[in-house]
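Reviewing the structure listed below.
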């Protein structure tokens with residue numbers, strides 16, 4: 001794009017410009033010359049009006065326009081701007097040569113611009129606000145100097161300023177859009193890359209499928225070719241068989257024709273040989289008479305049969321009549337007997353109704369008396385409920401209250417409370433230090449009885465189990481519980497043998513007092529060697545598994561799940577349980593949470609896994625333990641049914657396990673055999689047979705359970 005030199009407005013006196021020459025006239029010539037001018041690129045002469053023709057009062061002598069052409073400032077603004085045409089360039093060159101000096105005002109403005117640019121440190125020709133400010137000040141000076149054109153130039157400047165302000169505002173508005181556009185562009189690029197990656201994977205997959213299909217098509221074509229070859233071969237064989245069949249048919253027809261000819265020849269020979277003798281039976285007259293007689297006999301028999309059917313149609317045979325008559329008599333006897341029985345039952349029923357009426361009257365009387373007693377008298381307490389609150393246990397409570405009145409039972413209860421609820425001696429006599437004594441009970445002399453409460457025992461058992469798990473994990477093998485208890489108490493009391501023995505004897509005494517509790521019974525069996533720790537670990541694993549599955553179902557971690565999620569979790573956790581067992585667990589959970597299953601409630605499942613200070617759990621966990629015990633007993637019963645002999649060997653027990661539980665693994669089966677025979681793995685094959693009841697009892701207390709489904 002080229003910029004033409006700016007054109008000055010018509011002037012009063014100045015040079016005449018043409019497309020061929022440029023003249024510079026003196027001041028006197030200017031006054032005398034005709035006021036006209038021509039434009040570059042156009043030969044037309046433009047004549048200005050005379051000065052006398054201008055309106056009076058207009059300032060026509062306010063100043064002179066310098067002869068310096070306006071386009072000479074190109075060197076100051078932008079020396080790199082080219083002319084619009086070759087002819088304009090020639091005119092400008094000639095004018096510049098004719099001019100010998102630059103006006104002072106223009107030179108001053110240029111010097112001011114250069115000085116301001118240097119001071120503002122914006123000599124770089126790139127656009128900037130500082131450079132614009134310098135040129136804006138020069139333009140304002142220019143406007144102030146040209147009084148005549150000041151309004152127009154001010155409007156021009158204002159319009160430029162408005163446009164610049166407008167563009168700046170637009171730029172500020174578009175800046176956030178630019179950053180957002182960049183972000184969106186990056187996101188779109190990432191999406192495009194992801195889509196291309198997915199498409200690339202799909203293309204790879206489709207190519208692989210295409211190759212597989214091509215291979216499949218090739219194989220099918222080969223099969224088709226082989227089948228076509230087989231079909232062609234079979235068609236040839238069929239054509240051969242058909243030819244043989246046609247030959248056989250033709251041969252058969254020929255043989256039949258030959259046989260007929262031979263038969264005819266034979267008949268002709270017989271007829272020729274027997275022509276003189278005629279059989280009497282072949283006489284036509286006689287045969288006709290016989291036929292007529294036979295027809296008459298047939299007609300007579302048909303009439304007789306029709307008459308008998310009409311006469312005896314409603315008659316039964318005598319045999320059927322006698323049989324029905326005997327059956328009728330038998331049914332009459334039964335009817336009479338039933339009539340008598342009914343009469344007797346009716347009498348008894350009336351008697352029972354009378355008795356029932358009397359009993360109802362007595363019941364009403366007793367109920368009225370009971371209501372009166374309930375309002376006026378104090379009921380007898382249910383003293384059996386106190387057995388759970390007495391640490392000595394139900395047996396001790398039954399012995400204390402046997403044959404006593406309510407007042408005496410109350411005194412015994414107060415005595416129990418005053419004595420701290422403890423029973424038993426204040427001290428124990430040590431069992432000695434022999435090898436037959438458990439290690440944690442080896443002690444000589446008297447030792448103090450700490451008289452543990454049930455809550456203290458529950459807390460101590462939890463601590464022992466937790467430490468036992470950590471100890472076994474650290475050792476890498478399972479330690480005997482009796483040896484661990486000795487180590488546990490020594491570590492708890494800084495290797496003080498007396499304190500360790502005191503707590504050991506107190507624990508043993510509390511275990512025997514509270515052995516009716518399920519968890520206490522399991523721990524006592526482990527100490528006595530009658531059970532294994534697997535039973536406790538099995539119960540804890542089941543409870544932990546259910547809790548973890550419920551936490552997974554509780555995606556929002558609120559501690560609550562819906563009834564359907566709870567039911568699905570139970571089904572997935574207990575894969576071997578049937579619908580009856582799952583429904584029992586649901587009812588137990590609803591009972592513990594005090595909700596109704598019919599209302600589709602939201603269950604607070606974390607409450608189901610809590611226990612009180614004495615270690616008692618709610619109906620839900622109790623139901624899990626009860627079902628586990630029932631399933632174990634069923635499993636043991638199936639073993640007992642399969643083991644017919646009174647003595648059981650390890651091989652027989654192994655085969656029985658495989659028979660009733662095919663899904664059991666070898667390692668688990670070996671563990672069960674070790675529990676049943678109390679032997680190491682290396683000794684299982686050389687053991688003597690053991691009594692079946694002993695084996696079953698060991699398995700019952702050893703925590704065995706079914707692995708696979710029952711089919």
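Numbering (the UniProt record's numbering), first residue to last: 1 to 711.
All C-beta atoms, glycine included, are put in the ideal place defined by N, C-alpha and C.
So what does DSSP say about residue i, is it helix, strand or coil?
i	result
residue 491	helix
residue 647	strand
residue 729	As displayed, the chain neither begins before 1 nor continues past 711, which places residue 729 out of reach and without an answer.
residue 562	strand
residue 687	coil
residue 678	coil
residue 576	coil
residue 105	helix
residue 620	helix
residue 537	helix
residue 482	helix
residue 120	coil
residue 434	coil
residue 302	helix
residue 698	helix
residue 664	coil
residue 548	helix
residue 286	helix
residue 312	coil
residue 709	coil
residue 704	coil
residue 595	coil
residue 382	coil
residue 368	helix
residue 442	coil
residue 114	helix
residue 405	coil
residue 126	coil
residue 569	helix
residue 376	helix
residue 532	coil
What residues match up with residue i in a beta bridge as DSSP calls it?
i	result
residue 447	428
residue 602	562
How should residue i be labelled, buried or exposed, when 16 other C-beta atoms within 10 angstroms of its C-beta is the threshold for buried?
i	result
residue 187	exposed
residue 454	buried
residue 443	buried
residue 308	exposed
residue 247	exposed
residue 486	buried
residue 458	buried
residue 533	buried
residue 160	exposed
residue 505	buried
residue 370	exposed
residue 21	Note that residue 21 has pLDDT 33, beneath the 50 cutoff, so the model's placement of it is unreliable and the number below is only indicative. Exposed, by the Cβ-count rule.
For the alpha helix (DSSP H) that residue i lies in, which residues bound it at each end?
i	result
residue 614	Looking at the DSSP string, residue 614 is not in any alpha helix (DSSP H), and its letter there is neither H nor E.
residue 170	150 to 273
residue 462	454 to 475
residue 499	497 to 513
residue 518	518 to 528
residue 142	129 to 145
Assuming residue i and residue j make a contact with CB atoms under 8 Å, what is their CB distance in whole Å?
i	j	result
residue 500	residue 489	4 Å
residue 661	residue 706	6 Å
residue 544	residue 625	Not a contact, Cβ separation roughly 14 Å.
residue 563	residue 600	5 Å
residue 605	residue 560	7 Å
residue 591	residue 569	Between residue 569 and residue 591 the Cβ distance is about 18 Å, and since that is not below 8 Å, they are no contact.
residue 542	residue 628	7 Å
residue 553	residue 565	5 Å
residue 647	residue 691	6 Å
residue 131	residue 117	6 Å
residue 141	residue 109	7 Å
residue 586	residue 593	11 Å between Cβ atoms; not a contact.
Taking 9 Å as the CB-CB limit, is residue i close to chain C?
i	result
residue 511	In the structure shown, chain C cannot be found, because there is only a single protein chain.
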